[in-house]
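The block underneath contains the structure these notes are about, expressed in structure tokens.
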Amino acid sequence: MEFSERWLREWINPDVNIRLLCNQMTELGLEVEKVTKISSMCTNLIVGEIIECLIHYSITQLLLVKINIGNGIFIQVISRQCVNFIKGDKVVIATKNSRLFDNTFVKLVESQAIQNDGIICFYEDLGIINIDGSIIILPFDAVVGSNACEYLSLDDHIIKISSTPNRSDALSILGIARDLAAWNNLSLPHLQKYFNLVKSVEKLEIVIDIPDICFRFFGRIITNIDATVNTPFWMLERLKRSSIKSSNVIVNIINYVLIELGQPLYAINLSSIFNKIIIRKSYKNEIFVSDNDQRILMDDDTLVVSDEEKILVLGGHVNSCISQIDFDSKSLFLGCGFYVNQDISKISFKYGCKNAFTNCYARGIDATIQHEVLEYATYLILKLCCGEASVVTSKISSTKIFNQIKIKLYREKLYKIIGYIISDELIVYNLKKLGFKVIVNDQYLLIFPPSWRLDINIEEDVISELLRIIGYKNIFSVPISMRSYVICDDQVHTLLNRAKLFLVDQGYHEIITYGFVDPKLQQLLFPDIVPLHLSNPISKDMSSMRVSLWPGLLSSVIYNQNRQENRLRFFESGLCFLQNSKKNLGVEQILYFSGILSGYRNEFHWDILDKKSDFYDLKGDVESILDILQKLHLVTFKKFCIPGLHLNQSVAIYLKNKMIGVMGSISPNLEKKLGLKYRTVVFEFMWNKMASLNYSKMTTISEYPRSIRDISIIVDEIVPVRDIIVECKKSSFETIIEINLFDIFRGSQIGIGKKSLALRLTFENKSKTFTEQEVSNILKKCIEKLKLKFNAQLR
49 MEFSERWLRE WINPDVNIRL LCNQMTELGL EVEKVTKISS MCTNLIVGEI IECLIHYSIT
109 QLLLVKINIG NGIFIQVISR QCVNFIKGDK VVIATKNSRL FDNTFVKLVE SQAIQNDGII
169 CFYEDLGIIN IDGSIIILPF DAVVGSNACE YLSLDDHIIK ISSTPNRSDA LSILGIARDL
229 AAWNNLSLPH LQKYFNLVKS VEKLEIVIDI PDICFRFFGR IITNIDATVN TPFWMLERLK
289 RSSIKSSNVI VNIINYVLIE LGQPLYAINL SSIFNKIIIR KSYKNEIFVS DNDQRILMDD
349 DTLVVSDEEK ILVLGGHVNS CISQIDFDSK SLFLGCGFYV NQDISKISFK YGCKNAFTNC
409 YARGIDATIQ HEVLEYATYL ILKLCCGEAS VVTSKISSTK IFNQIKIKLY REKLYKIIGY
469 IISDELIVYN LKKLGFKVIV NDQYLLIFPP SWRLDINIEE DVISELLRII GYKNIFSVPI
529 SMRSYVICDD QVHTLLNRAK LFLVDQGYHE IITYGFVDPK LQQLLFPDIV PLHLSNPISK
589 DMSSMRVSLW PGLLSSVIYN QNRQENRLRF FESGLCFLQN SKKNLGVEQI LYFSGILSGY
649 RNEFHWDILD KKSDFYDLKG DVESILDILQ KLHLVTFKKF CIPGLHLNQS VAIYLKNKMI
709 GVMGSISPNL EKKLGLKYRT VVFEFMWNKM ASLNYSKMTT ISEYPRSIRD ISIIVDEIVP
769 VRDIIVECKK SSFETIIEIN LFDIFRGSQI GIGKKSLALR LTFENKSKTF TEQEVSNILK
829 KCIEKLKLKF NAQLR
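Here this note's numbering = 1-based position in the sequence shown + 48.
This is the structure:
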């Protein structure tokens with residue numbers, strides 16, 4: 049927001065210079081981005097009156113102008129010919145004793161050796177910002193011969209501030225003045241009440257069809273106005289210094305009131321209104337023609353102001369081509385309403401009509417000043433454009449906005465946040481300066497925020513305001529005291545760190561991806577899982593909460609493959625989010641640990657015949673992790689159908705009888721859709737579940753030698769090797785301590801649908817050395833069990 053220092057000082061004028069004034073605003077949270085003086089170099093400028101204007105006899109681009117500078121003195125000055133002067137125009141004259149911001153034109157005149165007593169100044173000559181390079185025409189009431197620098201307020205400053213989104217009141221001169229008054233212990237400024245003479249009982253009926261969005265609306269008819277009058281110079285200058293482009297006098301008044309009070313107004317050409325004013329939602333495919341003749345096809349969820357036939361104003365204060373005020377307008381309807389801020393904000397983005405009005409509504413406006421603002425705007429219109437005002441018509445659809453918020457401020461919480469005890473008297477004094485009402489009770493202070501502070505809703509908001517007005521520099525520094533509890537061992541994170549270190553040693557890279565993922569990619573991987581969608585996502589590609597770490601890992605692989613990386617190994621740990629009605633807020637958070645492998649097995653080397661990584665490379669790394677965590681002997685890999693993974697290369701990982709993870713290769717169809725160049729394999733552990741299952745125990749090492757026997761058995765192809773190993777251990781679990789498969793043979797010699805498994809069994813006894821007969825008996829018992837259960841044949 050930009051505004052004139054002089055304009056602000058009309059509302060509140062603390063005895064401080066511009067530098068201190070800006071420091072105060074910054075400390076109040078209204079950050080001053082820039083301060084610019086209108087013109088710091090111009091001196092000795094005079095108000096002159098045009099008497100006669102002629103084209104220069106030798107240089108046709110220049111004008112010779114006779115000027116009256118007062119006290120009966122007439123001088124001849126030079127001006128650019130691009131201006132059509134009228135006799136009697138008041139202009140700014142720079143003589144030889146004057147100093148200008150830009151001497152470009154002066155040097156041009158001097159280079160041509162033209163005899164003159166001065167020049168007529170343009171804005172660019174004075175260095176005035178925010179203005180096009182046009183001539184300065186002063187009002188007719190400007191005194192000839194007076195000091196033009198004072199008349200133009202060239203010692204004024206333009207202040208540009210940036211306020212936080214919650215501070216809706218800081219978008220007006222009045223709101224800023226309130227904060228400065230509180231800081232400087234001055235009386236709180238209030239909107240002056242204006243009582244306009246009502247000369248007509250003519251009125252329009254106001255209908256509110258959307259009471260949940262438009263809570264109140266005020267309006268009146270003003271007839272017999274003169275829209276062709278010039279906007280006063282003082283008002284134009286203030287609008288220019290607020291970066292507002294000049295328009296007709298009615299539009300200028302509405303913009304002026306908006307900057308000063310922060311309340312938008314409607315001005316609708318009365319001749320365009322049929323019968324009544326209706327605040328409603330637009331109809332599907334209804335046509336709205338804007339003031340620049342742009343046709344907009346509406347949906348059925350847009351706030352509009354209309355009559356019984358057509359839309360007059362789009363909710364974002366965009367007048368239609370027939371309802372706008374122009375120089376021919378003789379009567380108008382002046383309206384002022386209070387809307388729910390979110391609805392106006394949506395309209396401004398949807399139809400590209402964001403402006404100062406929608407910005408005010410988006411942040412929120414004071415719900416109690418609509419009638420006073422309407423009277424103030426009426427006063428300005430009647431003063432500048434004449435006219436006759438009718439009675440004010442009001443419509444209030446809801447009274448819930450007037451139910452003042454009550455907030456309990458507990459002393460204990462306040463002291464805890466501030467760090468020390470502050471007296472009730474100081475709390476009441478500072479909050480009342482900001483317009484709060486305070487009632488002191490034994491247990492707490494009951495706080496009533498002012499109507500213009502829509503952002504004060506909870507106890508912390510009140511504490512923030514209290515600290516802001518006291519001044520953060522005035523808050524005592526209190527050392528933070530806390531108790532630290534050192535955790536000796538965290539099973540989950542200790543095991544996780546060990547697994548991460550192993551993968552790093554194997555050439556993997558740890559990555560961190562967002563918890564928000566692309567819903568399309570996640571749907572390809574997990575079509576049966578309903579994800580959590582964000583109501584206000586950063587982008588469409590980050591609009592769902594992840595149910596797995598795989599989308600982030602796959603995105604990283606694709607990104608790197610597109611940059612010619614051909615050996616990719618990543619892992620990540622993090623929370624994933626699933627819907628679960630039994631959990632708090634219906635969301636279950638699970639810690640996952642996942643990895644991905646793609647591309648070549650090794651870096652390129654002249655002595656290594658490299659191969660592409662496959663399912664068994666990653667399975668070996670997963671088994672190594674389980675071995676490091678001393679869980680491998682308890683783990684079983686079982687074939688498992690997982691959407692998004694290869695049907696014959698996907699398994700579930702079981703610890704005892706509990707599923708703790710999955711792994712497998714990405715399906716060929718999905719690889720093609722994602723543009724993966726190499727076979728890609730992934731794994732994922734539900735880490736909390738795996739870390740909590742701890743079956744490790746300490747045992748003594750046998751002092752006696754081990755015995756080793758090899759056997760070869762023939763079984764059906766469908767019999768899993770794992771089942772055979774488990775059955776052998778069951779038969780004599782105390783003596784057979786290890787079983788390894790070291791060869792598999794398939795061929796016509798053993799029959800179709802058969803396979804020969806060569807197993808090496810290791811025997812051990814902790815109390816003695818096994819005899820040859822004892823080992824033979826144990827082995828025989830084991831083979832009998834395999835024959836009975838799997839129809840195995842000893843080869």
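Glycine included, C-beta positions come from ideal geometry on N, C-alpha and C. Quantities reported herein were computed from a predicted structural model and do not represent experimental measurements.
For L432, the uninterrupted alpha helix (DSSP H) segment begins and ends at 418-433. For D758, the enclosing beta strand (DSSP E) begins and ends at 755-764.
In this structure, A218 and I60 do not form a Cβ contact; the two beta carbons are roughly 14 Å apart against a cut-off of 8 Å. Boundaries of the alpha helix (DSSP H) harbouring D669: 663-676, taken from the DSSP string. An exposed status is given to N505, since fewer than 16 other beta-carbon atoms sit within 10 Å of its beta-carbon. The shortest CA-to-CA distance from F381 to any of L245, Y468, F266, L502 is the one to F266. Listed in chain order, the non-local C-beta contacts of N119 below 7 Å within the same chain comprise G193, local neighbours out to five positions each way being set aside. F496 is bridged by DSSP to K485. Assigned with DSSP and collapsed to three states, I335 falls in strand.
Inclusion of E356 and N323 in the CB contact set at 8 Å is warranted, their separation being smaller than that value. In the pairwise beta carbon analysis, the segment 255-264 is classified as touching the segment 325-345: at least three pairs are separated by under 8 Å.
Counting along the chain, N300 sits inside the alpha helix (DSSP H) bounded by residues 297-309. For G96, the secondary structure class from DSSP, reduced to helix, strand or coil, is strand. With a threshold of 16 other beta carbon atoms within 10 Å, Q609 meets it and is buried. In this chain, the alpha helix (DSSP H) harbouring G600 covers 598-609. Across the set F731, F733, I714, E732, the C-alpha of I714 shows the shortest separation from the C-alpha of L724.
For L695, same chain residues with a beta-carbon under 8 Å away, outside a window of 5 residues either side, are C689, S715 in chain order. Residue range 615-627 is occupied by the beta strand (DSSP E) that includes Q627. If you compare the alpha carbons of C101, L93, S471, D662 with that of F170, the shortest gap goes to L93. Apart from sequence neighbours up to five positions away, no residue of its chain approaches T212 with a beta-carbon distance below 6 Å. DSSP places D791 inside the beta strand (DSSP E), whose first and last residues are 784-793. The alpha carbon of E75 has as its nearest neighbour, out of T91, G166, I224, the alpha carbon of I224. C-alpha of N214 to C-alpha of L174: approximately 38 Å in a straight line. Assignment of beta-bridge partners to T810 by DSSP yields I756, E786.
Where S646 is concerned, the enclosing beta strand (DSSP E) starts and stops at 635-647.
In this structure, V730 sits near L601, with a CB-CB distance shorter than 8 Å. Using a Cβ distance threshold of 8 Å, I475 and L514 count as a contacting pair. Across the structure, P62 and G136 are spaced so that their CA atoms are roughly 40 Å apart. D472 counts as exposed, since fewer than 16 other C-beta atoms from the protein chains shown sit within 10 angstroms of its C-beta. Contact between the segment 412-423 and the segment 283-291 is not established, with fewer than three Cβ pairs separated by less than 8 Å. Put simply, the backbone Cα of F818 is about 23 Å away from that of L834. With 16 or more other CB atoms across the displayed protein chains lying within 10 angstroms of its CB, G383 is buried. Linking Q452 to P497 through their CA atoms gives a straight-line distance of about 8 Å. Taking the CA atoms as reference points, F685 sits about 59 Å from I455. K521 and H205 have their C-alpha atoms spaced approximately 27 Å apart. Around the Cβ of M73, a 10 Å sphere holds 16 or more other Cβ atoms; the residue is buried.
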